[in-house]
Structure formats: C-alpha cells, structure tokens
Amino acid sequence: MIQLDGLRILSRMALRWDRAATAAGRGLRAVRTLRSQSEGFSAASMASGRGGHPSSSPPSAPSSSSCSVGKFRSLAEATTSDMRIMTTHFDKIANSERQAERILNLFKGLNGVNLGCQVDLYEHGLQTATRAYRDGASKETIVVALLHDIGEILSPLCHGEVAAALLRPYISDESHWILTHHEIFQAYYYGGVVENCDKDARDRFRGHKHFEACEYFCNEYDQKAFDGSYENLPIEFFEPMVYELLASRAYAKEGLLNTELNAAKASLAGGYPDS
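So for the sequence shown, the working numbering puts the first residue at 131; every next one is plus one.
As structure tokens, this is what we get:
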C-alpha cells in the first residue's frame with residue numbers, strides 16, 4: 131500500500147513537472163527521472179537526472195519579487211515611474227520584431243486552410259505577393275499582397291479591415307484603402323455566378339482617388355492568384371520585407387496625419403512600443 135501511494139505521488143509530480151517545463155527536452159528528462167525513481171531508485175537519487183547529471187528544475191513564474199511591476203491598481207493611480215516600468219515590459223513583448231513575428235504566424239496559420247480552390251489561403255497569399263513582386267510593385271504593396279487575406283476566416287465579410295487595421299500605422303492611405311475595399315472589388319470577377327452577390331458593388335466607390343489602384347491590385351494580383359500551377363516565391367523571400375515595414379515609424383507615411391483618427395492615435399505614441 132505504501133509503495134502504491136508512493137507511486138501515485140510520484141506520478142502526480144511527473145504530471146506537474148511535465149506541464150511546467152517550457153522545453154520539450156527538459157520536460158522529458160524530468161518525467162524520465164521521476165519514472166525511474168518509481169521503479170526503485172533510492173531517495174538519494176532524486177536529486178540526479180539521467181546519467182548522474184542534475185535534473186533541470188521547472189521554471190518559476192515571474193513574481194513581484196523577481197520582476198519589477200507597477201504598483202497601480204487602476205490607470206488613474208499610475209505614476210511616471212509605474213508607466214516607465216510598464217513601457218519597458220511592453221517594449222519587450224510587442225516591439226516591432228515581435229509584431230512582425232505574430233503577424234507572420236497568423237499568415238502561416240493559413241497553410242492548409244482551403245476554401246475549395248486549387249490553392250489554400252497561404253498559397254494564395256504567396257502567389258498574390260509573388261505576382262506583385264514580379265510586376266515591380268513596391269515592398270509595401272508586396273507585403274499588403276502577402277497579408278491581405280489574413281482575416282479571411284476571422285471575419286469573412288469584412289476581412290479586408292483585419293489586415294488594414296494591423297498594418298495601418300505603417301502603410302500609406304492608398305494601401306490601407308486597398309486592403310479595406312479589396313473584397314468588394316474582388317466580387318466583380320465572380321459575383322455574376324453567385325446568388326445574392328453584387329458584382330458591381332465597387333461602382334459605389336468609382337471616382338474615389340484610390341479606385342484605380344485597388345482595381346489594378348485586384349485585377350493583376352489578387353483575382354489571378356488561384357492558379358495551382360503557378361510558381362510561388364517562398365515565405366522566406368517575403369519575411370524581411372514584413373520585418374522592415376513593421377520596423378518603420380508609426381504614422382510617418384505622408385498624409386496619414388490628415389485624418390483625425392490617425393492623428394489622435396499618433397499622439398499616443400509615447401505609451402506604446404516602437405512608435
């Protein structure tokens with residue numbers, strides 16, 4: 131009975147260690163150590179891992195004693211010192227490099243997500259970007275082409291706004307307009323064979339200064355990028371462009387501060403990372 135209870139205790143310890151370990155190898159060593167102990171190792175061997183080397187301890191969660199945090203309980207109570215601490219943490223978590231990584235991971239998550247086409251959404255993005263690159267488009271336009279559909283399955287009927295919002299501080303007003311309106315312009319090419327879909331919905335915006343740019347983007351890049359035999363450039367080719375764009379200063383593009391919303395957001399730059 132004592133042995134059985136001991137085995138149960140060790141099994142519970144193994145489970146806790148397995149959950150706490152941040153690296154797969156470290157967690158595996160901890161579990162193997164505990165399992166070997168349950169098979170007859172002496173109490174003295176518990177301090178050792180496989181091969182006689184000390185086993186790795188699971189990392190502890192940050193605490194107020196090991197990690198400096200602000201003392202405020204509401205933003206209205208925050209002091210200059212509190213906000214300096216918070217901004218330091220924010221910069222580490224959401225700097226431009228981390229932002230780029232997260233956006234790229236969102237895009238990579240579309241790999242294998244197929245809506246019934248010759249290509250999945252990941253391949254569609256690569257192909258749209260590849261077509262833009264081979265057409266001599268700017269780096270900004272290429273990144274816009276790569277990421278334009280990252281919100282396709284998050285909010286299908288207004289997915290253009292997803293990418294537009296994520297990239298808004300770093301792209302021109304024209305690129306933002308293209309992202310926001312591109313699904314409306316795309317309907318021109320398939321709306322005639324789908325019920326309850328106005329293929330001419332884009333005409334509502336005819337005469338807008340960015341109408342022709344969006345029409346060109348959709349006609350030359352987006353609507354053509356469903357070809358399963360097309361040779362796409364790999365994601366590694368486009369990643370540096372994404373990092374470069376996200377590393378640019380927020381709301382620095384010419385004309386962005388002409389809108390009240392952009393100007394208001396730009397005025398908050400001191401409270402946010404890499405702004």
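Think of the CB as a built atom: it goes at the ideal place given N, C-alpha and C, for glycine as much as any other residue. Given the structure is predicted, the values throughout are model-derived calculations rather than measurements.
Taking C-beta atoms as the reference points, M371 and I272 count as a pair closer than 9 Å. Taking 9 Å as the cut-off, the beta carbon of L234 is found no closer than this to the beta carbon of E282.
When the Cα atoms are used, S378 and E369 turn out to be separated by approximately 15 Å.
The beta carbon of K201 is closer than 7 Å to those of D212 in its chain, skipping five residues each way along the sequence. With a threshold of 16 other beta carbon atoms within 10 Å, N326 falls short and is exposed.
Counting of Cβ neighbours within 10 angstroms places S305 among the buried residues, the total reaching 16 or more. Around the C-beta of Q248, fewer than 16 other C-beta atoms lie within 10 Å, and the residue is accordingly described as exposed. One alpha carbon belongs to S285, the other to E291, and they sit about 9 Å apart. The segment 340-348 makes contact with the segment 312-319: 3 or more CB pairs, one atom from each, lie closer than 8 Å. For A262, same chain residues with a beta-carbon under 6 Å away, outside a window of 5 residues either side, are T271, I272, A275 and Y351 in chain order. Taking C-beta separations shorter than 6 Å and ignoring five residues to either side along the sequence, the partners of V243 in its chain run D250 and L251, following chain order.
In this structure, the straight-line span from the alpha carbon of P364 to that of H289 is close to 24 Å. The beta carbons of N392 and L386 sit about 5 Å from each other, so the pair counts as a contact at 8 Å. For the options E342, S226 and F367, the alpha carbon positioned closest to that of H312 is the one of E342. The Cβ atoms of Y373 and S226 sit closer than 9 Å to each other.
The shortest C-alpha to C-alpha distance from H219 to any of A294, S198 and T258 is the one to S198. Here A355 is buried, its C-beta having at least 16 other C-beta atoms within 10 Å.
In the DSSP assignment, I223 falls within the alpha helix (DSSP H) that extends over T210 to A224.
Only residues of its own chain outside the window of five on either side were considered, and among them A317, Y318, G321 and G322 have a CB closer than 7 Å to the CB of K329, listed in chain order. Counting the other CB atoms within 10 Å of its CB gives L375 a total of 16 or more, which places it among the buried residues.
Judged by beta-carbon spacing, Y381 lies beyond the 9 Å limit of A224, meaning their Cβ atoms are not closer than that value. Excluding the 5 residues flanking it on each side, W307 has same chain C-beta neighbours closer than 6 Å at H340, in chain order.
Shortest Cα-Cα distance from A259 to any of Y360, E390, E384 and K395 involves Y360. G266 places its beta carbon 9 Å or farther from that of F237. Between R332 and C344, the C-beta gap is smaller than 9 Å, which places the two residues in contact. With a threshold of 16 other beta carbon atoms within 10 Å, L205 falls short and is exposed. Inter-residue distance for H278 and E390 is about 25 Å (C-alpha atoms, whole angstroms). Straight across, the Cα-Cα distance linking A208 with I280 is about 36 Å.
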